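Each residue of the sequence shown is one higher than the one before, counting from 2 in the numbering used here. See below for the structure under consideration.
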Amino acid sequence: MTLHLPNPDGTLRAYEPRTEPMTVSRGGAFTSRTVFSAAHVVADPFADTAPDGPAAVDWDATLAFRRHLWSHGLGVAEAMDTAQRGMGLDWPTAAELIRRSAAEAKHAGGRIACGVGTDQLTATAATTLAEVRTAYEEQLAVVEESGAQAILMASRALAATAQSPDDYLDVYGHLLRQATEPVILHWLGPMFDPALEGYWGSSDLDAATDTFLEVIAAHPDKVDGIKVSLLDARREVDLRRRLPQGVRCYTGDDFNYPELIAGDDQGFSHALLGIFDPLGPLAAQAVRVLDTGDTEGFRALLDPTVELSRHLFQTPTRYYKTGVVFLAWLSGHQSHFTMVGGLQSARSLPHFARAYELADGLGLFPDPKLAQERMRNLLSLYGVNQ
């Protein structure tokens with residue numbers, strides 16, 4: 002049945018939904034790339050809470066989505082930006098999420114890495130580097146005790162407190178020395194979080210890169226890899242070519258991921274991506290094609306998804322989570338379109354309409370009829386009569 006989707010100028014366009022999903026196959030572990038999906042959390046729609054109140058999570062639906070990702074061979078990057086860290090998900094709930102997901106990973110035999118930050122600490126003019134280190138240490142202990150790999154996330158408190166690159170070298174050096182297993186370092190750009198402007202001690206990205214590499218060079222045995230989320234493919238390629246032997250680059254570039262994962266004659270990126278939340282099964286199939294050495298086949302599957310990803314991650318980029326959860330609802334992974342912190346209101350109806358159109362065109366919905374019905378209900382809620 003035809004849907005009438007709203008354009009940004011207020012007009013409507015007719016869209017004929019597809020009737021069959023894309024066929025994807027499951028397989029064994031990946032052999033050529035290590036791939037994580039940064040997974041979203043499912044809010045409890047019946048919780049009586051305000052947007053600035055404690056987070057209320059539907060644990061059953063949240064863990065079921067992680068089992069979905071593991072079933073396709075993807076690793077789960079837990080309690081990351083996609084899970085609304087610092088945007089509705091507070092540290093006590095994030096800690097519970099880490100513990101629950103890590104336990105579920107052991108049961109399911111899935112790979113998991115979890116975000117370590119300082120979001121229990123609100124930086125003030127009086128905040129010290131010692132307090133930032135202590136906050137990091139608390140979260141690192143939770144992740145390590147759960148049995149998950151640690152991802153050292155960028156810290157708003159450190160960005161606000163550090164006075165020079167040396168402060169970053171001090172804090173990260175301290176954490177890497179005490180980490181029991183190699184960690185992933187995460188450089189999240191200010192397009193994802195404006196509070197991280199000037200991270201690594203400089204707004205000059207060349208100078209910041211030098212400091213970042215200095216941290217790694219001092220502790221290469223404690224760094225499994227780096228996750229780079231700067232949405233700059235050329236910079237990521239240059240950075241990965243400068244990494245010490247054995248340190249991986251995990252792309253976090255949701256604009257250019259096919260070319261970065263495919264790589265070139267001097268190397269490639271692994272992946273830790275928010276867009277692999279809605280793309281999970283298709284992304285897994287593409288990587289398995291790449292495992293056979295078929296780069297063209299890999300690109301043929303993944304290149305068409307970039308338009309959807311760029312749409313979801315358009316500015317303000319930090320609200321991409323809204324589109325991710327919207328697609329999870331349309332796909333039947335959750336029964337409602339409600340988000341922690343009320344962030345379901347962070348994107349417009351025309352934005353949702355285009356996201357639906359692009360995802361449906363790719364065949365991402367396991368049940369296209371269900372997705373169509375839910376889209377029709379949303380349109381009706383906004384006053385668009387069909």
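We treat Cβ as the ideally placed atom computed from N, Cα and C, and that holds for glycine. Keep in mind it's a predicted model, so treat the numbers as computed, not measured.
Check for me: the alpha helix (DSSP H) holding residue i runs from which residue to which?
i              : result
lysine 223     : That residue, lysine 223, is in no alpha helix (DSSP H); it is neither H nor E in DSSP.
leucine 75     : First-last for leucine 75: undefined, no H or E at that position.
isoleucine 262 : 258-263
glycine 116    : Element bounds for glycine 116: not the alpha helix (DSSP H) but the beta strand (DSSP E), 113-117.
histidine 175  : 166-179
proline 351    : 350-363
histidine 108  : 92-109
tryptophan 330 : 321-331
valine 143     : 130-147
threonine 388  : Any answer about residue 388 is impossible in this case: the structure gives the chain only from 2 up to 387.
Would you please state the rounded distance, in angstroms, between the beta carbons of residue i and residue j? I believe it to be under 8 Å.
i            : j                : result
glycine 253  : leucine 274      : 6 Å
glycine 268  : arginine 243     : In fact, because the Cβ distance is near 11 Å, the residues do not count as touching under 8 Å.
arginine 86  : tryptophan 60    : Not confirmed; about 17 Å, so no contact.
leucine 186  : threonine 212    : Their Cβ separation, rounded to whole angstroms, is 12 Å, which puts leucine 186 and threonine 212 out of contact at 8 Å.
asparagine 8 : proline 351      : 6 Å
proline 52   : aspartate 91     : Actually they do not touch by this definition, with Cβ atoms about 12 Å apart.
valine 43    : alanine 62       : 4 Å
tyrosine 320 : arginine 348     : 6 Å
alanine 372  : phenylalanine 66 : Actually they do not touch by this definition, with Cβ atoms about 16 Å apart.
With 16 other CB atoms within 10 Å as the buried threshold, where does residue i fall?
i                : result
proline 282      : buried
phenylalanine 47 : exposed
glutamate 198    : exposed
aspartate 255    : buried
asparagine 437   : One cannot answer for residue 437 here, as it falls past the ends of the chain, which runs 2 to 387.
serine 165       : exposed
glutamine 335    : buried
asparagine 378   : exposed
proline 375      : Contrary to the premise, residue 375 reads as arginine rather than proline in this sequence. That one is buried.
threonine 181    : exposed
leucine 389      : Since the first residue shown for the chain is 2 and the last is 387, residue 389 is missing from the structure and cannot be characterised.
threonine 12     : exposed
alanine 131      : exposed
proline 259      : buried
serine 310       : buried
glycine 342      : buried
For the beta strand (DSSP E) holding residue i, just list the boundary residues, first then last.
i              : result
threonine 252  : 249-252
tyrosine 16    : 13-16
valine 36      : 36-39
histidine 187  : 184-189
isoleucine 276 : No beta strand (DSSP E) holds isoleucine 276; DSSP gives it neither H nor E.
proline 7      : 4-7
alanine 151    : 150-153
I'd like the list of long-range same chain contacts for residue i, defined as Cβ closer than 8 Å, with 5 residues on each side in sequence excluded.
i             : result
arginine 19   : Asp361, Gly362, Gly364, Pro369
glutamine 345 : Thr323, Val326, Phe327, Phe338, Thr339
valine 248    : Ile217, Pro221, Val224, Asp225, Gly226, Ile227
glutamate 358 : Leu6, Tyr16
aspartate 304 : Pro259
proline 22    : Gly364, Leu365, Phe366, Pro367, Asp368, Pro369
Closer than 6 Å by C-beta to residue i: which residues in its own chain qualify, once you throw out the five before and the five after it? Chain order, please.
i              : result
glycine 76     : Phe37, Arg112
alanine 96     : Val143
threonine 35   : His271
arginine 68    : Ala109
aspartate 173  : Inspection of the sequence shows that residue 173 is occupied by tyrosine rather than by aspartate. Around tyrosine 173: Val216.
asparagine 257 : Ala234
leucine 231    : Gly190
serine 33      : Leu291, Asp292
Taking a contact to mean a Cβ-Cβ separation below 8 Å, would you say residue i touches residue j in this structure?
i                 : j             : result
isoleucine 227    : cysteine 250  : yes
valine 133        : threonine 94  : no
phenylalanine 366 : leucine 331   : yes
aspartate 120     : leucine 189   : no
glycine 28        : glycine 74    : yes
serine 156        : alanine 103   : no
alanine 160       : alanine 106   : no
alanine 40        : aspartate 292 : no
leucine 177       : histidine 220 : yes
alanine 158       : threonine 135 : no
glycine 118       : glutamine 150 : no
leucine 261       : glutamate 237 : yes
threonine 296     : alanine 263   : yes
Give every residue of the same chain whose Cβ lies closer than 7 Å to the Cβ of residue i, excluding the five residues on either side of it in the sequence, and list them in chain order.
i              : result
leucine 302    : Leu283, Gln286, Ala287, Val290
arginine 355   : His312
tryptophan 201 : Pro166, Tyr169, Ala209, Thr212, Phe213
aspartate 80   : Note that residue 80 is alanine in the sequence shown here, rather than aspartate. Excluding sequence neighbours, alanine 80 sits near Arg86, Ala95, Leu98, Ile99, Cys115, Gly116.
glutamate 17   : Thr3
glutamate 308  : Leu359
Is any beta-carbon of chain C found at less than 8 Å from that of residue i?
i            : result
tyrosine 251 : The structure shown has no chain C; it contains just one protein chain.
Return yes when at least one heavy atom of the ligand HEM lies under 7 Å from the C-beta of residue i, else no.
i           : result
glycine 268 : Of ligands this structure carries none, so the ligand HEM is not represented either.
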